[in-house]
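> One structure, as C-alpha cells, below. Some questions next.
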Amino acid sequence: FAPSLFTPDVSGVWQINLENEAATETVMVSFAQKDSTLTGHYLGYFEIAQLAGTLDGKEIAFSYDIDGTVINHYGRLQGNMITGSSPAGEFENGDFKASRVK
C-alpha cells in the first residue's frame, strides 16, 4: 500500500485563527475521526457547538452552527497545519489557518 492511500489522522485539538471582513478571532476545535468522517466540538469564547465534517485525502471540510449562523471551513492539511477558506453567513471571504495543539 502506498502512503497516499491512507487517510491522515486529524483527531485532537486544533487552534484556528479566523479572519473575515468583520473580525479576526482565535478559537479551538476538537476532532474525533472515524475513517474520513469527522465529529467534534467548536470551543469559542462564549459558546461550545458540535461540528461535523469530512476528510478526503488532504482536503478537509467541516462546519458548526453559532447562534443560527453556519460557519464552514474548507481547507488543505499540510502536516500539523490546515489552511483554507471559511465562509460564514454574509461573510463569504473568510480565511483560516489552524495548527494542531500538542
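So for the sequence shown, our numbering puts the first residue at -19; every next one is plus one.
All C-beta atoms in this analysis are idealised placements derived from N, C-alpha and C, irrespective of residue type, glycine included.
Treat the numbers as computed from the prediction; the structure is a model and nothing was measured.
1. How many whole angstroms separate the CB atoms of leucine 57 and valine -10, which I take to be in contact at a CB cut-off of 8 angstroms?
2. Quick one: give me the first and last residue of the beta strand (DSSP E) that threonine 34 is part of.
3. Hey, could you find the ends of the beta strand (DSSP E) phenylalanine 11 is sitting in?
4. Where leucine -2 and aspartate 75 are concerned, what is the direct C-alpha to C-alpha distance, given to the nearest angstrom?
5. Just list the residues that DSSP pairs asparagine 52 with in beta bridges.
Let's see:
1. Position 77 of the sequence shown holds residue 57. Position 10 of the sequence shown holds residue -10. Rounded, the Cβ-Cβ distance is 7 angstroms, consistent with contact.
2. For the purposes of this step, residue 34 is identified with residue 54 of the sequence shown, where counting begins at 1. Residues 28 to 36.
3. By 1-based counting over the sequence shown, the position of residue 11 is 31. 4 to 14 is the extent of the beta strand (DSSP E) around phenylalanine 11.
4. One-based indexing of the sequence shown puts residue -2 at position 18. One-based indexing of the sequence shown puts residue 75 at position 95. So the alpha carbons of these two residues sit roughly 6 angstroms apart.
5. Mapped onto the sequence shown, residue 52 falls at position 72. Asparagine 52 is bridged to Ser43.
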